[in-house]
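One structure is given here, and the rest of the page talks about it.
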Amino acid sequence: MKKWLERYKAVIIIFLIAIIAAGGVALFYKHPWGGEPLEIVLTNPTPVLEPEAEIYVAGAVVWPGWYTLDGDSLEDAIIAAGGATSDADLSKIKLYIFESDASFEPQKIDINRAEDWLLEALPGIGPTLAQRIVDYRNQNGPFDRVEDLMEVGGIGQAKYDGLRDLITVQ
Numbered sequence: 108m109k110k111w112l113e114r115y116k117a118v119i120i121i122f123l124i125a126i127i128a129a130g131g132v133a134l135f136y137k138h139p140w141g142g143e144p145l146e147i148v149l150t151n152p153t154p155v156l157e158p159e160a161e162i163y164v165a166g167a168v169v170w171p172g173w174y175t176l177d178g179d180s181l182e183d184a185i186i187a188a189g190g191a192t193s194d195a196d197l198s199k200i201k202l203y204i205f206e207s208d209a210s211f212e213p214q215k216i217d218i219n220r221a222e223d224w225l226l227e228a229l230p231g232i233g234p235t236l237a238q239r240i241v242d243y244r245n246q247n248g249p250f251d252r253v254e255d256l257m258e259v260g261g262i263g264q265a266k267y268d269g270l271r272d273l274i275t276v277q
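Heads up: the sequence shown is residues 108 to 277, going by our numbering.
Take a look at the structure:
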């Protein structure tokens, strides 16, 4: 084997050089390196909202909710919502723009299935009241009507009136 390798050593080297040269030529014709380099400039513009836009700010902000802003920027919307919370990841902001003639109706929360953390998303329902609703449901069975929520301690007519359009029983 050594003898054979020494005999054809020069032929093998020439063959490898020819393959490398042919590959280089093919690569050059496939990706020519001529002309001016293309300059790419990345900018991070602040999106500007339409004049008199009504927007919903949610997520890791202090006061999520609907805000009417007059041609302000996305940053102004976050500031209007009390600013970002300490655990907010501002690199993952998503902006949803609703058509002005489209109606937006939030999904109703089924008080027979909702866990306490979901009930806390309702206005005026904190951790204590959410736990009372879950405890009531566990002790008395599912609610038959949304009005039955007023049987839970701490929920009167005024609080129920603020929740009635946001809840359902199924």
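Note that CB positions come from ideal geometry on N, CA and C, so glycine has one too.
It should be emphasised that the depicted structure is a prediction, and the values quoted were computed from it without experimental measurement.
- If you ignore the 5 residues before and after D223, its C-beta comes within less than 8 Å of the C-beta of P234, A237, Q238, I240, V241, all in its own chain and listed in chain order.
- Of all alpha-carbon atoms in R252, I274, T192, the one lying nearest the alpha-carbon of L226 is that of I274.
- In this structure, A195 lies near A167, with their beta-carbon atoms less than 7 Å apart.
- Spanning the alpha carbons of Q277 and D217 requires a straight line of approximately 6 Å.
- By the criterion of a C-beta distance shorter than 6 Å, T175 is surrounded in its chain by E161, once the five residues flanking it on both sides are discounted.
- Comparing alpha carbon positions, the residue from L256, K110, A187 closest to D272 is L256.
- With 16 or more other CB atoms across the displayed protein chains lying within 10 angstroms of its CB, F250 is buried.
- In its chain, beyond the 5 residues on either side, A188, G189 have a beta carbon closer than 6 Å to the beta carbon of W170.
- DSSP places I162 inside the beta strand (DSSP E), whose first and last residues are 160-164.
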